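Take 244 as the starting number for the sequence shown in my numbering and just add one per residue. Beta carbons: idealized from backbone N, C-alpha and C, even for Gly. Note that the structure is predicted; figures quoted are calculated from it, not measured. Take a look at the structure below.
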Amino acid sequence: MTTTQSDLLREVSAGRLRALNQTETKSVLADLKQIAGGEPVIADLLASESALRDFVVAALTLSPHLRETANLEPSLLVAAIEKPLSPQIEALVQEARQAWLPGEDGGVSPSESEVMSRLRIAKRRAAFLVALADLARIYDGKQTTRWLSRLAEASISAAIDHLLLSSHEAGKITVPDPATPSENSGLIVLGMGKLGAEELNYSSDIDLVVFFDEAAGIVPDPDDAIDIFPRLMRRLVRILQERTADGYVFRTDLRLRPDPGSTPLAIPVDAAMIYYEGRGQNWERAAFIKARPVGGDIAAGQAFIRDLVPFVFRKYLDYAAISDIHSIKRQIHAHKGHGAIAVKGHNVKLGRGGIREIEFFVQTQQLIAGGRMPALRSRSTEQTLAELTEAKWIDAETRDELTSAYWFLRDVEHRIQMVRDEQTHLLPETDAELRRIAYMMGFADVSAFSEALVTTLKTVERRYARLFEQETKLSSETGNLVFTGQGDDPDTLETLRRLGFERPSDIANVIRTWHYGRYRATQSVEARERLTELTPELLRVFGESKRADKALLRFDSFISGLPAGIQLFSLLGTNPALLSLIVNIMSSAPRLAEIIAAKPHVFDGMLDPRLMAELPTRDYLAERLKSFLAPARHYEETLDLLRIFASEQRFLIGIRLLTGAIGGTMAARAFTYLADLIVEAALDAVMTEIRATHGEYPGGRVAVVGMGKLGSFELSAGSDIDIILLYDYDDTVGESDGPKPLDATRYFTRITQRLIAALSAPTAEGVLYEVDMRLRPSGNKGPVATRINSFEKYQREEAWTWEHMALSRARLICGDEELVNDAERVIGEVLSTKRDVARIARDVREMRGMIEQEKPPESIWDLKLIPGGLIDIEFIAQYLRLIASVRGVGIDANGLSTAEALKLLGGSLMDRNDLDVCLQALQLYTEVSQLIRLCIDGTFDPKNTPSGLIELVCRAGDCPDLRTLEAELKRLSKAVRKVFQATVGS
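Okay, here's the thing in structure tokens:
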């Protein structure tokens, strides 16, 4: 996308953006006409047939966030149209920087709430103007990120000046000069990541690390500093992050400080230096490459960074550090993937070929060579690529390709975030929403955008893979590997030990078993030849995984069950990505490894290169299920095919999750869609079988209600399913009309019993789902099938509060359309009944207290049961649903996930900051728990967990190591428990 030289919006080139659709265009024009009543400039704009008019209308159709801002403050849109943009943005940056100062008339310093309001207004206005300049291509990505970084820096500096001055005025500290509070204060605020590199994105978090120099002397008693400064940082986070009527400034993250789980938010300089010199991690070295003072005592910050240079850029890099760099690489992207790349749902930051790969490409080489070559210590990604070329580390073609790709992907990222001002990097999953991004990028349609994106991602992926090619070539000379004869070859044992195996003799024995053709997969000469060729690479890759012996034994168990091996061994030999995926499973996911060892057929789906490009949507799964069941000739065969299909698809959804092709939230949806389709197909098969024996029941209708996590789209790998079967029939008829007639109760009970058996009976092909029906009326004491009028009566007159809480997650998943509508009406009316709010709150608290007493959490990793864990969040959502009608919120929140219900109800019934806390925690819990449930059975215990899984869990939690992730879980769970108590009472 080329940029224009002008700084005026009215000189935007014709056809720069396309409007989303006619409906949105009409709606935007209606808004603009209303604004035009008070703003002549907008009236003139609407009267003109100009490129500017087309651009403004298109931009507001494409971004609901920009449209909302224009409606809130029409004068801002007028200023954007009339005046040059850069001087306006510069003035707003200065406004933010001076937000701590008294007004023009002098007088007292502004209150904290005044400072917060000034910063939020400046941010909102500047972000609006920057977005328009970016969309009009007055600014390119580099200019956009620079302006956003300057705005963040000004906001941070102003907030720090305000905090220091207010503490000075309160007598807690003494700053050298109240007119410039930060100067010589010894308070160091470093911007990390994109803020440090001046490459901030449109809705970015800002990463800060804060230190203080006790010797600066602004705290009368130095022992008090460790209390005063962390308290100030809590206020800083509130000033920048808390949502008010004016919005927010920047979400603020302080987790990159040393050992965040056990250290205060601000740390003494001396303690920090001791930590980095003695215990600093390589990921922290990578993080500090981009560190830059952005607030507080700038001179002290620059001195601190100078002192850290020997830690970040070592003159000589030891082998352990190189190995750790590769570990960072695996952690950032555990699996490079194979085959096609998906566009829908792709994460442009963390996904294959994404922004993080370019940043890692650059940072890895900076860590390796920056100690000897100071020119490579630049913070900017583009500048470092240029310096790497100058230093002959990469060629000019690589530099140009990665620079172009970097800014293209940053533009995509900005547009994703501009739509609704959300901190997300995921491309939309629907064509309609993807079209929005394509048009914002200046493309004519989705296919042209998708083609450009995939080309870019593949370019990055190719360059990223080549970075580590040399390492692969060097290590393929593995040493002596001889597995002939009965005894062990001493040199071979030494090679195996060097490769990372702790029991080389046992491993040698396993490989001899392969060579002797004792498994079906290794009986043919060709298969053994392929496996022999593959063995050195296989051992090398397995050796790189921690607990290599266990991982290789799982692989041995897998091939021992294969019916044939030549196709797989050939594929592994030519497809390193598939080999690394198998190693990933064997070393990280014991549960998946056991599944493929027991049912090798599930592995077949992985051989399809389109696997990672296809999102497991309901339509995708339904289409495959239909063709899979087509050959079935009778009931038992249908059920067997269902079991095979379910185990394969569960496995393939799991593989997508394991490799990062989809996240935890999408995996939960996919597991739920699969269960919906399986239950529906099983019910159809059961109904056909029942009718053949017992006939139709006149007026008979059946529907299945999904409860619990099935109802709320939150199933995980291995989940059981909670269902209720509802029925109705014609009262005038006494029995069914088949060869073996049954009365109504027995007829519908028989259907339910057959359905439960179809889903949960163990067979050679396994079990579809464990079925739980305890949420039906009267629980286990009640009949297995419930007539709709009995269900309604029970829910209205007899059900306890906890049953109505459970009902708030109910979702009709299949059955007769008329009965489905009846059931949805009943559920909606029951949940919308006006209740005694105090009694509901008391019942919810008692229920939570009882669970806490009877099922205490085993550790912080028991994400469901910990105080402030998943149950707290689910109970908040359920409580809000039950009290919504009393509070005048008439929203139908049925059939939604917990996150969707919270967004819908919490917007009206919760403090916005509390809602954000719950949604952030729910997202983290979902990502981590989905992965853990996929990879292991039972509770996650870091001490006894495969190291590969620990890396994956850290990736899922977007944390550099386990300690940081544990600290984040503790922080969020504590915050959620406070929200629970504020919402439901304590």
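Rounded separation between residue i and residue j - CA only
i       : j       : result
Gly539  : Leu430  : 5 angstroms
Val555  : Pro819  : 32 angstroms
Arg1088 : Leu1167 : 24 angstroms
Ala1053 : Asp450  : 40 angstroms
Ile839  : Leu895  : 11 angstroms
Asp690  : Gly594  : The amino acid at residue 690 is misidentified as Asp; the sequence shows Ser. Straight-line Cα distance between these residues: approximately 20 angstroms.
Ser256  : Thr624  : 29 angstroms
Thr1188 : Gln1173 : 16 angstroms
Leu781  : Gly1181 : 30 angstroms
Val397  : Arg1017 : It is worth fixing the name first, because residue 397 is Ala in this sequence and not Val. Cα to Cα, the separation comes out at about 58 angstroms.
Ala532  : Glu520  : Note that residue 532 is Ile in the sequence shown here, rather than Ala. Their Cα atoms are separated by approximately 16 angstroms.
Asp448  : Asp513  : 28 angstroms
Cys1161 : Leu1212 : 12 angstroms
Phe956  : Tyr990  : 31 angstroms
Phe547  : Ala1218 : 32 angstroms
Leu742  : Ala791  : 9 angstroms
Val452  : Leu1145 : 32 angstroms
Ala302  : Glu311  : 12 angstroms
Leu717  : Arg783  : Note on Leu717: pLDDT 31, under 50, position unreliable in the model; the coordinate value appears next. Going from the Cα of Leu717 to the Cα of Arg783 covers about 11 angstroms.
Counted within 10 angstroms of its Cβ, other Cβ atoms place residue i as buried (16 or more) or exposed
i       : result
Lys579  : Low local confidence applies: a pLDDT of 41 at Lys579 is under 50, so the model's placement there is unreliable, and no value is given.
Asn1064 : exposed
Ser1075 : buried
Glu1040 : exposed
Glu714  : Residue confidence for Glu714 is low, a pLDDT of 40 falling below 50, so the modelled location carries little weight; the figure read from the coordinates is stated next. With fewer than 16 other Cβ atoms within 10 Å, it is exposed.
Ala374  : buried
Arg599  : buried
Pro317  : buried
Val351  : exposed
Met684  : buried
Trp1104 : buried
N-terminal and C-terminal residue of the beta strand (DSSP E) that residue i is part of
i       : result
Asp1059 : Taken as a continuous stretch (DSSP letters only), Asp1059 belongs to no beta strand (DSSP E), as it is neither H nor E.
Met950  : Arg944 to Met950
Phe298  : Careful: Phe298 lies outside any beta strand (DSSP E), inside the alpha helix (DSSP H) at Ala294 to Leu305.
Thr495  : Arg494 to Asp496
Pro1185 : Careful: Pro1185 lies outside any beta strand (DSSP E) and carries neither H nor E.
Tyr970  : Ile964 to Asp971
Pro536  : Arg535 to Gly539
Arg678  : Counting along the chain, Arg678 falls outside any beta strand (DSSP E), though it belongs to the alpha helix (DSSP H) covering Asp674 to Met683.
Glu1029 : Just to set this straight, residue 1029 is Thr in the shown sequence, not Glu. Ala1028 to Arg1030 is the extent of the beta strand (DSSP E) around Thr1029.
Range covered by the alpha helix (DSSP H) that runs through residue i
i       : result
Leu416  : Strictly speaking, residue 416 in this sequence is Ile, with Leu absent from that position. Premise fails: Ile416 is in no alpha helix (DSSP H) and is neither H nor E.
Ala1053 : That residue, Ala1053, is in no alpha helix (DSSP H); it is neither H nor E in DSSP.
Tyr1012 : No alpha helix (DSSP H) contains Tyr1012, which DSSP labels as neither H nor E.
Leu724  : No alpha helix (DSSP H) contains Leu724, which DSSP labels as neither H nor E.
Val462  : Unbroken run through Val462: none, as it is neither H nor E.
Pair within 9 angstroms by beta-carbon distance, residue i and residue j
i       : j       : result
His668  : Asn752  : no
Ala910  : Leu969  : no
Leu1055 : Ala946  : yes
Leu953  : Asp919  : yes
Leu251  : Leu328  : yes
Leu777  : Phe744  : no
Pro747  : Arg755  : no
Tyr707  : Gly596  : yes
Asp638  : Ala370  : no
Asp1079 : Ile1031 : no
Ile1179 : Ala832  : yes
Exercise. Determine, using beta-carbon pairs with one atom in the region 478-491 and one in the region 500-507, whether at least three such pairs fall under 8 angstroms.
Key: No contact exists between the region 478-491 and the region 500-507.
Quiz item: Are three or more beta carbon pairs between the region 1111-1127 and the region 1212-1225 nearer than 8 angstroms?
Solution: These segments touch.
Quiz item: Can you find at least 3 beta carbon pairs, one from the region 526-540 and one from the region 418-430, that sit closer than 8 angstroms?
Solution: Because the criterion of three Cβ pairs below 8 angstroms is met, the region 526-540 and the region 418-430 touch.
Quiz item: Are there three or more Cβ pairs, one per stretch, closer than 8 angstroms when the region 1192-1200 is compared with the region 791-806?
Solution: Here the region 1192-1200 does not lie against the region 791-806, with fewer than 3 beta-carbon pairs under 8 angstroms apart.
Exercise. Could you tell me whether the region 521-528 touches the region 485-493, using the rule of 3 or more Cβ pairs below 8 angstroms?
Key: Here the region 521-528 does not lie against the region 485-493, with fewer than 3 beta-carbon pairs under 8 angstroms apart.
Quiz item: Does the region 327-342 touch the region 288-298, meaning 3 or more C-beta pairs lie closer than 8 angstroms?
Solution: The count of Cβ pairs closer than 8 angstroms, one atom from the region 288-298 and one from the region 327-342, stays below three, leaving the stretches out of contact.
Quiz item: Are three or more beta carbon pairs between the region 928-939 and the region 993-1010 nearer than 8 angstroms?
Solution: Verdict: yes, contact present.
Practice problem: Determine contact between the region 617-633 and the region 398-412, defined as no fewer than three beta-carbon pairs at a distance below 8 angstroms. | Solution: With the cut-off at 8 angstroms, the region 617-633 and the region 398-412 do not touch.
Quiz item: Just checking, does the region 461-472 make contact with the region 645-656 on the three C-beta pairs under 8 angstroms criterion?
Solution: Contact between the region 461-472 and the region 645-656 is absent, because fewer than three Cβ pairs lie under 8 angstroms.
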